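The structure appears below as structure tokens.
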Amino acid sequence: MRTKGPRQMVRRASLFVCTVVILLWAFLGSRLFPNALRDHYSSASQIIVGVSNVQSGPSRYLGQNLMRGAAAYFDLLNVQGGIYGRKITILLKDDRYEPDPAIENTNELIENGKALFLFDYVGTPTLTRVLPLLKYNEKQGRNPDD
Numbered sequence: 003m004r005t006k007g008p009r010q011m012v013r014r015a016s017l018f019v020c021t022v023v024i025l026l027w028a029f030l031g032s033r034l035f036p037n038a039l040r041d042h043y044s045s046a047s048q049i050i051v052g053v054s055n056v057q058s059g060p061s062r063y064l065g066q067n068l069m070r071g072a073a074a075y076f077d078l079l080n081v082q083g084g085i086y087g088r089k090i091t092i093l094l095k096d097d098r099y100e101p102d103p104a105i106e107n108t109n110e111l112i113e114n115g116k117a118l119f120l121f122d123y124v125g126t127p128t129l130t131r132v133l134p135l136l137k138y139n140e141k142q143g144r145n146p147d148d
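Numbering (the numbering used here), first residue to last: 3 to 148.
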């Protein structure tokens, strides 16, 4: 019996996470978002998924393999018509596994990228610095039309 290598495990884990996120969004999305968000995205022709993770440097394989798995699943959904007719588009930014670029990327994805949700972040150093930004935006009641 052959053991699973780290790459195969990362791909399977990312497919599982993608499946859970997409299914939650597809089935519960209209109940989870405030009216302003729901109205904004009900007319959108695509679903933009914002990603900031490591794509260069010594740890690039982590982010690249995670994105391969996510992209494979999103491509499968898109070929089947997307989610309620909307295609999924990944907006990817490289944070080089560094906290400051992760914060900048996240802010840009929220403010300019019009990402419906953020996804596939890699690593404790980056995510722990991004979380306060997300909590701040949540408290401010940020709306994509602001």
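C-beta: ideal position from N, C-alpha, C; glycine also. Since this is a predicted model, take the numbers as computed values, not measurements.
- Rounded to whole angstroms, Leu133 and Leu93 show a C-alpha spacing of 19 Å.
- Note that the C-beta distance between Ala104 and Val51 is not below 8 Å.
- Counting the other Cβ atoms within 10 Å of the Cβ of Gly65 gives 16 or more, which makes it buried.
- Counting along the chain, Leu94 sits inside the beta strand (DSSP E) bounded by residues Lys89 to Asp96.
- Ranked by Cα distance from Val56, the first of Asn80, Tyr123, Arg9 and Leu135 is Tyr123.
- Taking Arg98 as the centre and dropping the five residues before and after it, the same chain places the C-beta of Val56, Ser58 and Gly59 closer than 7 Å to its C-beta, in chain order.
- Looking at the backbone, the Cα of Leu136 and that of Phe76 are separated by about 24 Å.
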